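S.K.:
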Amino acid sequence: MDQKRDKRERMITRGIERGTRIFQQGRRISLVMSRVRMGLVLVGILVCVVLYKLGWFVTGNWALLGFLLCFLGVAHVHHRLKSRLRRLELWIEMQESNLARLHVAWNGIPETTMSLPSDHPYGADLDLVGQHSLFRLLDTTVSREGQALLVSWLAHQHPLSCDQWKSRQKLVQALAPLPGLRNRIQLVAKCVSAKPINADRLGSLLEAPLPVARLGPLLLAASGLAGLNIVLFGFWFVGGGPGYWIVSFLAYALVMLLAGGRLSHVFERTLDLHLELDKFAAVIGLFEKRSFRRLPAIQAVIDPWQAGQPSAAIKQLARICSGLSLKAHPLLHIAVHVVVPWDLVWTWFLQRVCRRLRPVLPDWIERLSTIDAAMALATFAYLNPSYAWPRRKPEGADIGISGTAIGHPLIAHQQRINNDLTLEGLGRVLLVTGSNMSGKSTFLRTVGINVCLAQAGGPVCADSWDWSWLRIQTCIRVGDVLEEGLSYFYVEVKRLKTLLVAMGDHREPPVLFLIDEIFKGTNNRERLLGSEAFIRELTAGRGLGLVTTHDLELAKLEQELPGLANVHFQETVGDKELTFDYRLRPGPCSTTNALRIMAMEGLPVPETTSGS
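Structure representation (structure tokens):
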């Protein structure tokens, strides 16, 4: 398992080292070329001035032309070199972030801004989004829609059919062994803009028409007057007639003034949109290439694009938006409009292209986001070659989870401890006991987060994983809700009530419940009585899961409830420290460590601490 990961790490590290060497060499060459350009300018000025002073004007002109051509040639080569250095720099940054993802080193992983609703049934408990989250570890997407879809796959509660899920997993598996292609798509997107593609802005441009009252007549009148201006001005300039062009120009100015107010909303909706469109066209242009459609799983997503040639259409729309953005440069905008009705022409083209793209662009965006989200999971699979591809249980098989060497993907592999788990059959409850800090809560999150990965279509942190589709309900991180005036205990009760309601919905898949320290917000007696009743309800419901507790009395329920089994984590007690192996063992825990921890930190404890 470690050999595969180490091999992948060495490949990435060698690539970074080689890329860094090339980048440093290129920087040195770029510095030399900058000096050559400066030298050409200074020497050219000196030589030309001397030649002109000597009266050798023809020679001076040829020297000026020669120096100018040499400067332009060096500048062109230098520009290409700097562009390649920029691409190489971005590639190195991408590889360094991949290396950080492989080590789960958060300082090297770009931050994300995606969020889930506060009432999501498990998002916060399982760290799906946030500072140190699964989404941040996975997110290598190039579009906002891809990010949103990836979060949706991880947080999705409604079941996919077996064919739908297999189709998604096959797409991820097909993309996983293609790091060069994934890197190229990321690189192309980053070269255009560091921000992800925001297709909502593109959709807003097309979601409704851009009405311009009497655009056709205005364009016809302005074009005719512009042409007349040029003809009349030409006759007047060469002395062939009076200055009638002033009259036609005033009429032209009046038409353009009338059109300006009608086009203001068009400018507002297209301002700076050409960069978004350039990036979108560059990315989907790669998807259209033949090399990207070699595998059936990818071909099924890409092929419907081909009839529409989306990259060409998007590039055309980008050119139009770029043309309309001339209004952001007032002086140039006025100068151009003196000659031609620039805004009217581009608005007319914009309306034509929008009518053509409006019915097909949403489908292109959806397909882009699907591949984008799948590429993020594929990168995760590539960086973790030892992770298992989950197998979905067939209809009629025991409902639940069966996995070996299951670990938490957000814990670095050096610190990660893996455990086996068999949790099968409706009403099955594993009662997890153990000392403080022994790993109970982490194990709940380990199970839940791997279910999220499996149902998203990605690999899981395990040696093997078989499961049936489950709805996750958790009660792990519970706190006061001050804005609603709810105490810790009341929030916990509401969460557990929601869990029971979900278990009663027979139209949806069974529930996987993950409950940490049940009813720890109340006194010992009521906690024990309430926990017993709640666990009995769990064993009779349409669900299965794990419940952690410090109440060792609850372990006796194993003798009464056939669906309940005890498992535990334990620690080793030393003179001045506690050590944990984080291994899941059968049976109830026989020790606690609260008093020991208090004593180690210098707090007062009873003199007799046996059993602690």
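Each residue of the sequence shown is one higher than the last, beginning at 1092 in the numbering used here.
C-beta: ideal position from N, C-alpha, C; glycine also.
Note that the structure is predicted; figures quoted are calculated from it, not measured.
1) Below 8 Å on the Cβ atoms is my guess for GLY1530 versus TYR1673; work out the distance and round it to an integer in Å.
2) Look up ILE1120 in the DSSP assignment and say whether it is helix, strand or coil.
3) Do you know how far the Cα of VAL1436 is from the Cα of ARG1112?
4) Any idea which residues DSSP pairs THR1051 with across the strands?
5) Let's test the definition: count the other Cβ atoms within 10 Å of the Cβ of CYS1139 and tell me whether it reaches 16, buried, or not, exposed.
6) How far does the beta strand (DSSP E) with CYS1680 in it extend, from its first residue to its last?
7) Need the endpoints of the alpha helix (DSSP H) that ASP1463 sits in, please.
8) With distances taken between CB atoms, is the gap from ILE1609 to LEU1591 smaller than 9 Å?
9) Mapping the DSSP letters down to three states, classify LEU1573 as helix, strand or coil.
10) Using 10 angstroms around the beta-carbon of VAL1429, count the other beta-carbons present and answer buried if the total reaches 16, otherwise exposed.
11) Give me, in chain order, the residues of the same chain whose beta-carbon lies closer than 8 Å to that of PRO1250; leave out the 5 immediate sequence neighbours on both sides.
12) From the DSSP secondary-structure annotation, give me the bridge partner or partners of GLU1662.
13) Residues in the same chain with beta-carbon distance under 8 Å from ASP1218, minus the five sequence neighbours each way, listed in chain order, please.
14) With a 10 Å radius around its C-beta and 16 neighbouring C-beta atoms as the bar for buried, classify LEU1263 as buried or exposed.
15) Taking GLU1649 as the reference, which of VAL1520, ASP1489, GLU1662 has the closest Cα?
16) According to DSSP, simplified to helix, strand and coil, what is LEU1535?
17) Apply the 10 Å Cβ neighbour rule to HIS1499 and answer buried if 16 or more other Cβ atoms are within range, or exposed otherwise.
18) For HIS1211 versus ALA1246, is the C-beta distance shorter than 9 Å?
19) Under a Cβ-count criterion, where at least 16 other Cβ atoms within 10 Å of its own Cβ denotes burial, should PHE1148 be classed as buried or exposed?
20) ASP1554 and ALA1496 look like a contact to me (Cβ under 8 Å); what is the Cβ gap, rounded to whole Å?
21) Please state if the CB of ALA1467 and the CB of GLY1237 are separated by a distance shorter than 9 Å.
22) Work out the CA separation of PHE1660 and GLU1367 for me, nearest whole Å.
23) From GLY1164 to ARG1128, what does the alpha carbon distance come to, in whole angstroms?
24) Tell me whether CYS1566 sits in a helix, a strand or coil according to DSSP, three-state version.
25) Is the beta carbon of ILE1606 closer than 9 Å to that of GLY1632?
26) Taking the alpha carbon of LEU1522 as the reference point, which residue from PRO1450, PHE1625, MET1528, ILE1490 has its own alpha carbon closest?
27) Measure the Cβ-Cβ separation of GLN1564 and GLY1634 and say whether it is below 9 Å.
28) When the Cβ atoms of the stretch 1094–1110 are set against those of the stretch 1185–1192, are three or more pairs found closer than 8 Å?
29) How about LEU1228 and ASP1463: do their beta carbons lie closer than 9 Å?
30) With 16 as the cutoff for other CB atoms within 10 Å, does LYS1098 come out buried or exposed?
31) Between LYS1095 and SER1493, is the Cβ-Cβ spacing less than 9 Å?
32) Mind checking GLY1576: buried by the 16 CB within 10 Å criterion, or exposed?
33) Could you tell me the boundaries of the beta strand (DSSP E) in which ASP1511 lies?
34) Which residues in the same chain have their Cβ closer than 6 Å to the Cβ of ALA1593, if we skip the five residues on either side of it in sequence?
35) Apart from the five residues just before and just after PHE1604, which ones in its own chain have a Cβ nearer than 6 Å to its Cβ?
36) Please report the residue range of the beta strand (DSSP E) in which VAL1638 lies.
M.R.: On the basis of the data shown:
1) Looking up residue 1530 in the sequence shown gives position 439. Looking up residue 1673 in the sequence shown gives position 582. 4 Å between Cβ atoms; contact.
2) By one-based count along the sequence shown, residue 1120 stands at place 29. When secondary structure is reduced to three states using DSSP, ILE1120 falls in the helix class.
3) If you number the sequence shown from 1, residue 1112 lands on position 21. If you number the sequence shown from 1, residue 1436 lands on position 345. Straight-line spacing of the CA atoms in ARG1112 and VAL1436 works out to 50 Å.
4) Nothing about residue 1051 can be reported from this structure: the residues present for the chain run from 1092 to 1703 only.
5) In the sequence shown, counting from the first residue as 1, residue 1139 sits at position 48. So CYS1139 counts as buried.
6) Residue 1680 sits at position 589 when you count from the first residue of the sequence shown. That residue, CYS1680, is in no beta strand (DSSP E); it is neither H nor E in DSSP.
7) For this step, residue 1463 is matched to residue 372 along the sequence shown. Counting along the chain, the alpha helix (DSSP H) containing ASP1463 begins and ends at 1452–1474.
8) To locate residue 1609, count along the sequence shown from 1; it is residue 518. To locate residue 1591, count along the sequence shown from 1; it is residue 500. No, the Cβ-Cβ distance between ILE1609 and LEU1591 is not below 9 Å.
9) By 1-based counting over the sequence shown, the position of residue 1573 is 482. Summary for LEU1573: the model assigns pLDDT 47, below 50, so the residue's position carries little reliability; its value from the coordinates is reported in the next sentence. DSSP places LEU1573 in helix when its eight states are reduced to three.
10) Here residue 1429 refers to the residue found at position 338 of the sequence shown. That one is exposed.
11) As a working note, residue 1250 is residue 159 in the sequence shown. Closer than 8 Å at the Cβ level, and outside the excluded window around PRO1250, lie TRP1560, GLU1599, PRO1600.
12) Position 571 of the sequence shown, counting from 1, holds the residue named residue 1662. GLU1662 is bridged to PHE1671.
13) Position 127 of the sequence shown, counted from the start, is the residue given in the question as residue 1218. Correct list, in chain order: SER1224, LEU1225, LEU1501, ARG1536, ILE1540.
14) Looking up residue 1263 in the sequence shown gives position 172. The amino acid at residue 1263 is misidentified as Leu; the sequence shows Val. Classification for VAL1263: buried.
15) Taking the sequence shown and counting its residues from 1, the one referred to as residue 1649 is at position 558. Ranking VAL1520, ASP1489, GLU1662 by CA distance to the CA of GLU1649 puts VAL1520 first.
16) Taking the first residue of the sequence shown as position 1, residue 1535 is located at position 444. The answer is helix: DSSP assigns LEU1535 an H, G or I state.
17) On the sequence shown, position 408 is the one that residue 1499 refers to. Buried: at least 16 other Cβ atoms inside 10 Å.
18) Along the sequence shown, one-based indexing puts residue 1211 at 120. Along the sequence shown, one-based indexing puts residue 1246 at 155. It is a contact, given that the beta carbons lie within the stated cut-off.
19) In the sequence shown, the residue the question calls residue 1148 occupies position 57. Exposed, by the Cβ-count rule.
20) Working through the sequence shown from its first residue, we reach residue 1554 at position 463. Working through the sequence shown from its first residue, we reach residue 1496 at position 405. With a beta-carbon spacing of about 4 Å, ASP1554 and ALA1496 fall inside the 8 Å limit used to define contacts.
21) In the sequence shown, counting from the first residue as 1, residue 1237 sits at position 146. In the sequence shown, counting from the first residue as 1, residue 1467 sits at position 376. Yes, these two residues count as a Cβ contact at 9 Å.
22) In the sequence shown, the residue the question calls residue 1367 occupies position 276. In the sequence shown, the residue the question calls residue 1660 occupies position 569. When the Cα atoms are used, GLU1367 and PHE1660 turn out to be separated by approximately 52 Å.
23) In the sequence shown, residue 1164 corresponds to position 73, counting from 1. In the sequence shown, residue 1128 corresponds to position 37, counting from 1. Straight-line spacing of the CA atoms in GLY1164 and ARG1128 works out to 10 Å.
24) For the purposes of this step, residue 1566 is taken as residue 475 along the sequence shown, with counting starting at 1. If DSSP states are grouped into helix, strand and coil, CYS1566 belongs with the strands.
25) In the sequence shown, residue 1632 corresponds to position 541, counting from 1. In the sequence shown, residue 1606 corresponds to position 515, counting from 1. No, Cβ-Cβ distance for GLY1632 and ILE1606 is not below 9 Å.
26) Translated into positions along the sequence shown, residue 1522 becomes position 431. Closest by alpha carbon: PHE1625.
27) Against the sequence shown, residue 1564 aligns to sequence position 473. Against the sequence shown, residue 1634 aligns to sequence position 543. It is a contact, given that the beta carbons lie within the stated cut-off.
28) Three or more beta-carbon pairs separated by less than 8 Å link the stretch 1094–1110 to the stretch 1185–1192, which places the two stretches in contact.
29) On the sequence shown, position 137 is the one that residue 1228 refers to. On the sequence shown, position 372 is the one that residue 1463 refers to. Cβ distance not < 9 Å, so LEU1228 and ASP1463 don't count as in contact.
30) Locating residue 1098 in the sequence shown gives position 7, counting from the first residue. Under this definition LYS1098 is an exposed residue.
31) By 1-based counting over the sequence shown, the position of residue 1095 is 4. By 1-based counting over the sequence shown, the position of residue 1493 is 402. It is not a contact, given that the beta carbons lie outside the stated cut-off.
32) Your numbering for residue 1576 matches position 485 in the sequence shown. Reliability fails at GLY1576, whose pLDDT of 49 lies under 50, so the model's placement of it is uncertain and the value that follows must be treated cautiously. Under this definition GLY1576 is an exposed residue.
33) Here residue 1511 refers to the residue found at position 420 of the sequence shown. Counting along the chain, the beta strand (DSSP E) containing ASP1511 begins and ends at 1510–1515.
34) Sequence index remark: in the sequence shown, residue 1593 carries index 502 (1-based). The beta carbon of ALA1593 is closer than 6 Å to those of GLN1564, VAL1602 in its chain, skipping five residues each way along the sequence.
35) What you label residue 1604 is simply residue 513 of the sequence shown in a count that begins at 1. Cβ within range, chain order: GLN1564, LEU1590, GLY1634, GLY1636.
36) If you number the sequence shown from 1, residue 1638 lands on position 547. In this chain, the beta strand (DSSP E) harbouring VAL1638 covers 1634–1640.
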